[in-house]
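Under this note's numbering, residues 649 to 793 are what the sequence shown spells out, in order.
Where a beta carbon is used, it is the ideal one built from N, C-alpha and C, also for glycine.
To start, the structure under review is shown below, and the notes come after it.
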Amino acid sequence: MTTVSRTFTVEPAPEVVVAYLADFGHAEEWDPGTERCTRNDSGPVRVGSSWHNTSKIAGVSTELTYTLEQLADDRVVLVGRNDTATSTETIEVTPGGTGSSVTYTNELQFNGLAKVAAPLGKVVFEKLGNDTERQLTEVLNGLVR
């Protein structure tokens, strides 16, 4: 398993951050690997909501179905799955200063023959973690408080 985690502060309050990140359709704005992310269901975003995500990382395109598996006042857990990988994105949000402290953790489990790529994946995902932190901070700070 490859794990990347970053903790950073942003200006909006936790409730604003959690509501925004629970809707994974916003990944197009903050996730540097996401090319397209469309909701599979309708209605309010809730546990069980799902999205079809198309990403391109290190020149390789992949498609995953993400499901909102946990949603609380201080935590969002989204799990993306396909035949070759499971990506668990856990976002914890607590009050920090005048805004929020965000801990973003992505655990990537390769399946089957894709397990061979795991060592290379760590290098790629560390860089992606840095890019995600930068882009997510910028986007969240642009939200209305």
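Under the DSSP assignment, A670 falls in the alpha helix (DSSP H) whose first and last residues are P662 to A670. Secondary structure of V725 (DSSP, three-state): strand. For E717, the enclosing beta strand (DSSP E) covers residues V708 to A720. Between the alpha carbons of T682 and V750 lies a distance of about 20 Å. Here R687 has G673 and W699 as same chain residues with Cβ atoms under 6 Å from its own Cβ, once five neighbours each way along the sequence are excluded. Between V658 and S748, the C-beta gap is smaller than 7 Å, which places the two residues in contact. DSSP places E659 in no alpha helix (DSSP H); its state is neither H nor E.
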